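K.L.:
Shown below is the structure under consideration.
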Amino acid sequence: MQLAGDYLLGEHDFSAFRASSCQAKSPVRTIYHLRIIRHGDFIYIDIIANAFLHHMVRNIVGVLIAVGAGKQEPDWASRILATRDRTRGGVTAPAEGLYLVGVEYPEHFRIPVPYTQITPSLAAMTFP
Numbered sequence: 000m001q002l003a004g005d006y007l008l009g010e011h012d013f014s015a016f017r018a019s020s021c022q023a024k025s026p027v028r029t030i031y032h033l034r035i036i037r038h039g040d041f042i043y044i045d046i047i048a049n050a051f052l053h054h055m056v057r058n059i060v061g062v063l064i065a066v067g068a069g070k071q072e073p074d075w076a077s078r079i080l081a082t083r084d085r086t087r088g089g090v091t092a093p094a095e096g097l098y099l100v101g102v103e104y105p106e107h108f109r110i111p112v113p114y115t116q117i118t119p120s121l122a123a124m125t126f127p
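Under numbering that gives the first Met the number 0, the first residue of the sequence shown is numbered 0, with each subsequent residue one higher.
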């Protein structure tokens with residue numbers, strides 16, 4: 000799963016991972032960090048990006064789950080990305096079980112400090 004996720008790092012056209020109803024002007028996004036941690040019965044997927052498209056995270060998770068289940072090879076994520084075609088992108092993961100941990104805004108937005116303090120990403124967390 001991590002190998003598949005690594006193909007998505009960086010700046011890409013994520014058209015194959017957006018909802019068909021997505022209204023974003025540009026499908027180009029940058030994923031800075033994508034880490035997968037297995038802990039007991041749980042799989043934690045931590046994604047940090049400059050922005051997300053409608054259903055982008057759910058579609059990424061759907062691809063990662065298919066890879067983790069052995070239904071696809073890790074490079075499938077790269078091949079989907081290259082198609083820029085949502086119909087080639089696999090199953091959209093259900094929203095249940097997916098949680099938004101936090102949002103960070105650049106200082107020029109002048110968001111008051113209490114609203115910018117977020118829970119750290121999984122990259123900074125430790126597990127028992």
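Cβ coordinates follow ideal geometry from the N, Cα and C atoms, glycine included. Since the model is a prediction, treat every value here as computed from it, not as a measurement.
Got a sec? Which residues, its chain only, sit under 8 angstroms from Ser19 by beta carbon, not counting five neighbours each side?
P.N.:
Position 20 of the sequence shown holds residue 19. Excluding residues within five positions, the ones whose Cβ falls inside 8 angstroms are Arg85.
K.L.:
Which one or two residues does DSSP pair with Asp12 in a beta bridge?
P.N.:
Along the sequence shown, one-based indexing puts residue 12 at 13. Asp12 pairs with Val27.
K.L.:
Assuming Val62 contacts Gly89 (C-beta within less than 8 angstroms), just tell me the rounded distance between them.
P.N.:
The sequence position of residue 62 within the sequence shown is 63, counting from 1. The sequence position of residue 89 within the sequence shown is 90, counting from 1. Sure, about 5 angstroms apart at Cβ, within 8 angstroms.
K.L.:
What does DSSP give as the partner residues of His38 in its beta bridges?
P.N.:
What you label residue 38 is simply residue 39 of the sequence shown in a count that begins at 1. Looking at the DSSP assignment, His38 forms a beta bridge with Phe41.
K.L.:
Does Leu63 come out as helix, strand or coil in the three-state DSSP assignment?
P.N.:
Position 64 of the sequence shown, counted from the start, is the residue given in the question as residue 63. Here Leu63 sits in helix by DSSP.
K.L.:
Across which residues does DSSP place Ile47 in a beta bridge pair?
P.N.:
Here residue 47 corresponds to residue number 48 of the sequence shown, with the count starting at 1. According to DSSP, Ile47 bridges with His32.
K.L.:
Nearest by alpha-carbon distance to Asn58: which of Ser14, Gly101, Leu99 and Tyr43 is it?
P.N.:
Along the sequence shown, one-based indexing puts residue 58 at 59. With distances taken between Cα atoms, Asn58 lies closest to Ser14.
K.L.:
Does the distance from the C-beta atom of Val102 to that of Met0 stay below 8 angstroms?
P.N.:
Stepping through the sequence shown from its first residue, residue 102 is reached at position 103. Stepping through the sequence shown from its first residue, residue 0 is reached at position 1. Taking 8 angstroms as the Cβ cut-off, Val102 and Met0 do not qualify as a contacting pair.
K.L.:
Under a CB-based cut-off of 8 angstroms, is Gln22 close to chain D?
P.N.:
Absent from the structure is chain D; it holds one protein chain and no more.
K.L.:
Is Gly101 helix, strand or coil when you go by DSSP?
P.N.:
Locating residue 101 in the sequence shown gives position 102, where the first residue counts as 1. If DSSP states are grouped into helix, strand and coil, Gly101 belongs with coil.
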